[in-house]
Amino acid sequence: MFSDERMKKLREYVASLEHPEEALVDLMHEAQEAYGYLSDEAAEKVAEIANVPVIKVDELATFYSLIFRRPVGRKVIFVCDSISCWVMGMENLFEHLKDRLGIDIGGTTSDGAFTLLPICCIGACHVAPAMMVGEKLYGNLTPEKIDEILEKERA
Amino acid sequence: MPKLTIDRMEVEVPEGTNVLEAAKKLGIVIPHFCYHEALGAVGACRLCAMKFVEGPVKGVQVSCMVKAQDGMVVETADPDAMRVRRMVIEWLMTNHPHDCPVCDEGGMCQLQDYTIAGGHGIRRYKGKKRTYLSQYLGEFIEQEMNRCIQCYRCHRFYRDYAGGADFGTKKLANRTFFGRFKDGWLESEFAGNLADVCPTGVFTDKTYRFKARPWELETAPSVCPHCSLGCGITPGAKLRELLVIKARENLKVNGWFICDRGRFGYRFASSGNRPRKFLVNGQEKTRGEAVKSASGIISDAILKYGPGSVALIGSPRTSLENNFAVRKLADLLKTENICFSADPFRERKDRRAVSLINAADSRSLRDVEFSDFIVAVGTDPVNEAPMLALMLRQAAVKGAQIVVIDPRPVKLPFNFTHIPALPDEFAGKLAELAGSSSAPAPRDRATIICGTDIPGMDAIDACSEAARRLNCGLFYTLSSANSFGAALLASDGPEFEDVLSGMESGNIGVLIALESDPLGRYPDRERAARALENLDSLIVMDYLPTETAEAANVFFPTTAYAEMDGIFINNEGRAQGFSRAYIPGIPVNHMGPQRKPPELHPPREFFSEVPGRSFAAWEYLRDIAGEIGMECGELESIETIRAALAADDRRFAQVAGLHPESDGALITAGPVDWPQAQRQPSAGDKPDTGEGLLLYAVELTFGTEEISARSDKTQLRAPEPHVLINSEDAGKLGLKDGEPVRVSSGNITISCVLKTSSSCARGAAFAPRLKGFGAEALNRKRVTITGGRG
Amino acid sequence: MQLLLTKNFHLGHPASLKEYEASGGYSGLRAALKMTPDDVIKTVTDSGLRGRGGAGFPTGKKWSLTDRKSPGPRYFLVNADEMEPGTFKDRFLIENDPHQVIEGLLISGYATEAEKGYIFIRYEYSGAARALERAVNEAKSAGFIGKDILGSGFSMEISVHRSAGRYECGEETALMNALEGRRANPRSKPPYPASKGFRMRPTTINNAETVANIPHIMSLGASGWKALAAYEGGAGTKLYGVSGRVKNPGLFELPTGTPLKEIIEIHGGGMRDGYSFKACLPGGASTPIIAPDKMDVRMDFDTVSRIGSRMGTGCVTVFDDTCCIVRAMINNLLFFTRESCGWCTPCRDGLPFVHNILQRIEAGVADMDELGVLEENCETIYPNSFCAFAPGAVDPVRSMLRLFREEVEKHIKTKRCPIA
Ligand SMILES: Cc1cc2nc3c(=O)[nH]c(=O)nc-3n(C[C@H](O)[C@H](O)[C@H](O)COP(=O)(O)O)c2cc1C
Ligand code: SF4
Ligand code: FES
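Residue numbers (this note's numbering), protein chains in the order written: chain A, 1 to 155; chain B, 1001 to 1790; chain C, 2001 to 2420.
Below you can see the structure in the form of C-alpha cells.
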C-alpha cells in the first residue's frame, strides 16, 4: 500500500518522535488516504510503523468516526444531521439522497462512487442544511442542488 | 490516618483509602462494578454512589473516587444515593440479555446480585437491546459480549495489570466492545483471569461451560500444585468431577490472580485415563487385598534380606503429610533408603536453595511486587513460575528496575534489561552487577531472584551470598509445589542416586514410590528402567498414570490435591494448608456407557462405596504398617500427622494449627549445613565440555509441568517439540528457523523443529521438557544439530 | 464598533502573514514579550476574559493555576475541535485569520511558560487546518515561532494536530488523551491538567476564540479591551452566531453581552417571513432552551445562567413555530448517544433510554408514566456522570420539560405530534 519511499519517510518520522503513539491518528489518516479505508492489512502496517500492538490501532480506528474499517466508495457523502441542519430540513435531504443513490445510510452505490454517511455538525450551520462530499463543503442544500452536486462529483 | 463516619460508625483508615473501601472495613459493602482492589478505581460504572453529608466533599458522589478524609460524614443508605444505584442498574439492564438460565455466571454473577441489591426490578426501558457478535478467543475463555456492562475490568486487567498486548477496547458509546483485533486465542498466560474479573458472564471459563451451576459445586480453599509458588485457588467439583479452578485471594502470595497453567491444568484429575483401581500384578483387587499384598512383600523382603532391602521415594509434588508418612514408614521399617524426589539433579538444587534461605532474607511473591530493584538469575518466569512474571510486572509498573540474567530469550510483559549469559557466567555477571556503580545501595527493597533449573550450584550460592552481603531479599523458585517441604524432610538424607545404586547392586529389592515417577523423571531413562527391572517388587501409589505406575506390581490409586487435606510448602517456605473439596471417585459423568441422561442424574444416596474411591497415600502407608504389625498412631489422621510433625521437628512447630484460609506459616531451615546439599555436582549436572552447543532442557508455561501436562486443555497450548538456538549460531550451522532437525549427543538423538532467536545466548540450545520428547536426556550435554527429519 | 477578531474577515481568504501584520498583527506578541509572564497573566486577569469554549472559566485565573514551578516541559493546547452542534465560530476564525490564533497561542505559551503548543483541530476543518499549517510555517520563517523568539529568550514550537472526529475529543482531558494517541476518554480530576495534563506535564488549554482574543488584550490593554463590552462589568467582544430559522444566519462580532433579541432580530435578520420565534438553543446543542419570554436576555455567561440556561459557545440555533420541540430533542439525543465515549453508565446507557422515551412520546405511544421515567432519567444522569458530556446532553431536555411541558403532554394525551 505505501510506497517504499513513503514507508521510509513515515518510519523516520515516527523514529523522530519521543512518543510514537502520538503519530497513530496521522498514520491512520495517511493509510486511509492511500488505501481508501483502514483495512486489516493497513491497520497492521500502521501498527508496524508506529511499533505498537495492532490492537492499539484498532482501538483508535474504531473510536473515531472518520476512520473507516470497512470499504467505502470513492467519495463519502457526509450529511450533517445535527440540530441546525435538522431544523432546516436535513431529513428530507437524506431521503432524497437515499432515493437518488439507491442506497441506505451507510451504504455504497453499486458503481462504488459514493458512500452515504451522517456526520455531526460540520460548523456550517449558517448555510444549513449542509453536507460534505469528501473534503468539499456544500451548503443551503435543496433537492435540485443535490442532483447537480451528485452529477458534478460523480464525474 | 483519616477518621470518618459512615452510617454513624467511626472508622479510621490508612491515608489514600477510598470511601468504598472504608465502608467495606465496617462491613458495609456497596455495589460496585468497575472498582476492583487490584485494578483500582476509575469511576466508570457510577454504581457505588453514597451521600456525603458533612466534610470536604458534599452531595451524592461515587465513593470509589473519593479518598477518605478527616471529618467526612457519609450515609450509604441515603435515598438519593439509593436512587442513583437503582438507576445505574436499570441502565445496565437495558441491554443485558435475560439469559441467566443458560449463563454460566448465573449464581455467581455480580450483576444478578447487585440488581437485587440495587433495588431494580421492573423493566421500564421499552427499546431494543443492543447486540454484538462475539469473538472466538481460544479454548480457555468463552466470550458472550451481549452480556457486557462496560465496567472496563477486562481491559484493565489484561492490558494494564497483566501487560497483554492482544486485547483491548473497541468502538464507543453503547457499542463499546472488548476483544481482539481478530478472532483467535488470547495470548496472555493470564487470560483466564478474565473469567474471574468479569462481573457478568461475558468472559467465562470455557472448560467449565455448561457443566454446573455454581451452587452445585463442592469447593474448598486450596493451593495450586502446578509450580512452587503456591498460589491460592478454589477448586470446584460436581458429582466427583473436578470442573473448575478459580483464583483465591491470598495477599501474601498471588494477590487476586493465577496463571492459566494453574487455572486450566486441573483436567488430569477427572480424565478418563486416571488410574482408579487397586492392582496386584495387573489384577484388580480391593483396597484390603492391595494392602495385604504390599505388606506381605515388604515383610518378606525384610525377613529375607533385612530392612535395607526396602526403599521409599516421597515426592516434591505431594503433601507434607504424605511425605511425612513415607518418612515414618521408613523409620518403622528401619530402612535408611529413603529419598524425596526421583530427579536428583533438580532436587539437589532445590535442597541447596532451601538450605540457604533464612527468615531475614526470604521474600514472598507479594514482596516482589513491592521491590524497587530486582535481579533475576537463571529463571524464565513466565515459563517456570508464571505468577512471578505478573508480580514482576507490578513492580515494573511501580518503577522498579529489573535485570534478567538468563541465556534464554526471556519474554516478559514489561521493559527490563536482559543479559543473555550462560549459566556458568551467572555468578560472574551477578558479581559485576552487584559491584557496578549502577547497582543499588544495600537496601531491603532490592530482591535477588534465582531459578534452580538451569543455574548451577555456584549461581545458587552466589545469589544467597550477594543477598546477604547487600542486605537485600532473596527469592528462589523451586521445581514443584512442595519441593520445599520435601527438602526439609530429606534434609541431609540420601537422594535418589543413592537409592538407584542400591537397586542396581541388588541390595534393594522392594521400592515403594509415592507419587513419584522415576521412569518419567530420572533423566537417564534407560538406567532407571534397568534398575526397576532389577527389583523384586515395585509398589506405586499415585493419582497420575505415570510410566512407573504402569510398571507397578502393586498399585494404589491416591488422591489429587483437591481431594484431600494437606500442606504444601512453597518456594518461600510458606506452609499453606489445603482442604478436600470433594470425595474422589470415578466421576458420575463417566459411568454410563453412553453418558445418557439417566447416568448423569445425581445419585441421592450411596448404598455402596463410592465407585473408584481413592484415598490419601498416607492412609495406605498407615494400613501397610499396621498390617505388618507396627504401631503407628501418628498416622491416624491428618491432625495426628501434623501434631507429630510439630512434635518431631521444631521447624514444623506451626503446622499443627494451620488453617487453610490463613496466611500460612513461614518455615525456614536455614542457613543450615547439609553436607548432602553441598554435594559437588555429579556427572549428571555438570555441563559437558567440548564441542557443540550446550543443550538445556527447560520448562514452558504449558506442556512440561508433570501434572498439567496430563490435562487436555493446557496441552492445546503446548508447542510442538523444538530446539531453540541463537540465530547466528543457526546461520553458522546453515539452519533456518522452522526447519526439521535432529539433535544428538552420543547415541541419543531427538527429532524436532528448529527455532531461532536473536536474543538468546550464543553457544546454547534449549529444548522443552515436553512429555515424550526426550529433551531431559540431553540436558547439559553438548549436542550437534543437523538438518533433516529423524 | 471596532472589529477585532473579525477585522480580516473581509479578505475572503486566510489572511497571510503580511496581511495580518498590516492589520496590527504580532504587535500583541511584541508587547507581551517585553512584559514578565506574571504581568501578562495579570493583564489577562484584569481584562476579565472568560473562556469561549463554553464554560466561561476566567482565563487569567486558569493561567495562574498552571504549575510553573516544577521543571518543564509545559504545554499549551488550543482547542479547535468545535463539534458542538450549531457552532461555527472557530471555523470562521481560523479560516479567515489563522495568525490571530497563532499569535494568541504564543502569548499564552509565554505567559504560562510553555515550550510547546498544539492546536487540536477536527479533521473536517481541512481548509482551516491547511491555513493554520501554512500560517505556522510563515510565522516560523518570520521568527515568531521557534528558538529565542524576537530575541526575547523565549522559545516555543507549535504543531497542528488533526483529529479524526468525535465530539468527546473536545473535552479537555479527553483531548489530552487523544493527543497522546489514546482513546479520547476523559480523565479523572484530580490530578488537574494545570499540574498533570498532556503527557502528565503541566498543561493549559483554551478554546481557539479565547486565545485569539489575547493579542488584542495585549494591544489595547486590559481596560481598553474590557470596555468594549455592551455593559458595565462585561468584557471585550464575542463571536455570536445565528443559525436555524432566521433570515440572515451568520457569524457576528459584537460587544459581549449583546441581548439575544438583538442578535436574532437585528444581526440574524429576524425570523423568516410568516414564522414566529418558538425557542432557541443559545450556545450549542448542550445549552438549555430559551423560550420567547426570556428573549431579551443579555448574552453573557452570568446573565444567561441566571435564567436557567448557559451561553455556551454563543452560537444560537433558532426554532420557529413549525418545529416540534420533542423532535428537536430527539435529534439532539441522536447526536449525544452516538458520540458518548462509552466510559460511564449514565451517559452510555442512560442517554439511549432518554432518546427512546422521546421517540415514544413523539410517536404517540408513550404513556404519562413514561414522562416520569424520562424526568427521573434526566435528573439522575445530570449530576452523576463522569464528565460534562452527559449533563450537556440532558440539560436541553430538562429545559424542555420545564418550558414546553404542555406540548410534551399533548403528544402523550392525543397520541400524536400536535405540530407535524
Ligand atoms: C463533551 C465536551 C466537549 C467539548 N468540546 C469543546 C470544543 O469542541 N471546543 C472547545 O473549545 N471546548 C470544548 N469543551 C470545553 C473544554 O472542555 C474546555 O473547557 C475548553 O476548551 C476550555 O477553554 P476555555 O477556557 O477557553 O473555554 C468541551 C467540553 C465537553 C464536556
Ligand atoms: S459522560 Fe461518561 S460516557 Fe459520556 S462522554 Fe463523559 S465519561 Fe464518556
Ligand atoms: S448543524 Fe449542520 S452544520 Fe451545524
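Glycine residues also receive a C-beta, built at the ideal position from the N, C-alpha and C atoms.
Check	Outcome
Heavy atom of ligand 1 within 7 angstroms of residue 2079 of chain C beta-carbon	yes
Residue 1597 of chain B classed as buried or exposed, judged by whether at least 16 other C-beta atoms fall within 10 angstroms	Only weak support is given to the placement of residue 1597 of chain B: the predicted model assigns it a pLDDT of 47, under 50, and the value that follows is read from those uncertain coordinates. Result: exposed.
Contact test: residue 2000 of chain C Cβ vs ligand 1 heavy atom, cutoff 7 angstroms	Because chain C is modelled from 2001 through 2420, residue 2000 of chain C falls outside the range shown and cannot be assessed.
Interface flag, residue 2360 of chain C vs chain B, CB-CB below 8 angstroms	yes
Cutoff 8 angstroms: residue 59 of chain A Cβ touching any chain B Cβ	yes
Residues of the stretch 2172-2189 of chain C whose Cβ lies closer than 8 angstroms to any Cβ of chain A, in chain order	2178, 2179, 2180, 2181, 2182, 2183 and 2184
Range covered by the alpha helix (DSSP H) that runs through residue 153 of chain A	143-154
Proximal chain E residues relative to residue 2274 of chain C, where beta-carbon distance stays under 7 angstroms	The chain inventory of the structure shown lacks chain E, comprising the protein chains A, B and C.
Limits of the beta strand (DSSP E) - the one that residue 1752 of chain B falls within	1748-1757
Residue 43 of chain A: contacting residues in chain C (beta-carbon distance under 9 angstroms)	Per Cβ cutoff of 9 angstroms: no residues; residue 43 of chain A is ~14 angstroms from chain C at best.
Contact the stretch 1378-1397 of chain B vs the stretch 1411-1419 of chain B: 3+ CB pairs below 8 angstroms	yes
Beta-ladder partner(s) of residue 1695 of chain B, from DSSP	B/1765 and B/1781
Residue 2083 of chain C beta carbon near ligand 1 (any heavy atom closer than 7 angstroms)	yes
Per DSSP, cross-strand counterpart(s) of residue 1061 of chain B	B/1050
8 angstroms Cβ cutoff, residue 1131 of chain B in contact with chain C	no
Integer Cβ distance of residue 63 of chain A from residue 1171 of chain B, believed to fall under 8 angstroms	7 angstroms
Three-state secondary structure (DSSP) of residue 2168 of chain C	helix
Any non-hydrogen atom of ligand 1 within 7 angstroms of residue 2057 of chain C CB	yes
Residue 1167 of chain B at chain A interface by Cβ criterion, 8 angstroms	yes
The stretch 2335-2351 of chain C touching the stretch 2378-2386 of chain C, judged by at least three CB pairs closer than 8 angstroms	yes
Buried or exposed (CB count within 10 angstroms, at least 16 for buried), residue 2007 of chain C	buried
Local Cβ density within 10 Å of residue 1001 of chain B, reported as buried at 16 or more and exposed below that	exposed
Pairwise C-alpha distance: residue 1072 of chain B and residue 1057 of chain B	8 angstroms
Close beta carbons around residue 52 of chain A, own chain, < 8 angstroms, minus the five adjacent residues each side	20, 21 and 24
Proximal residues of chain A, C-beta to C-beta of residue 2281 of chain C below 8 angstroms	83
Spatial distance of residue 2183 of chain C from residue 1746 of chain B (CA atoms)	58 angstroms
Cβ-based neighbour list, residue 1670 of chain B, same chain, cut-off 8 angstroms, excluding 5 preceding and 5 following	1354, 1355, 1356, 1357 and 1358
Residue 2171 of chain C: CB within 7 angstroms of a non-hydrogen atom of ligand 1	yes
Any C-beta of chain B under 8 angstroms from that of residue 2411 of chain C	no
Against chain B: residues of the stretch 2326-2341 of chain C by CB proximity under 8 angstroms	2337, 2338, 2339, 2340 and 2341
Ranges of the beta strand (DSSP E) found wholly within the stretch 105-148 of chain A, counting only runs of at least 3	114-119, 131-133 and 136-138
Euclidean distance between Cα positions of residue 1734 of chain B and residue 1786 of chain B	9 angstroms
Within 8 angstroms of chain A by C-beta, residues of the stretch 1174-1198 of chain B in sequence order	1177, 1180, 1181 and 1182
The stretch 1198-1207 of chain B touching the stretch 65-78 of chain A, judged by at least three CB pairs closer than 8 angstroms	no
CB contact below 8 angstroms: residue 18 of chain A versus chain B	no
Cβ-Cβ distance between residue 2402 of chain C and residue 2378 of chain C below 8 angstroms	no
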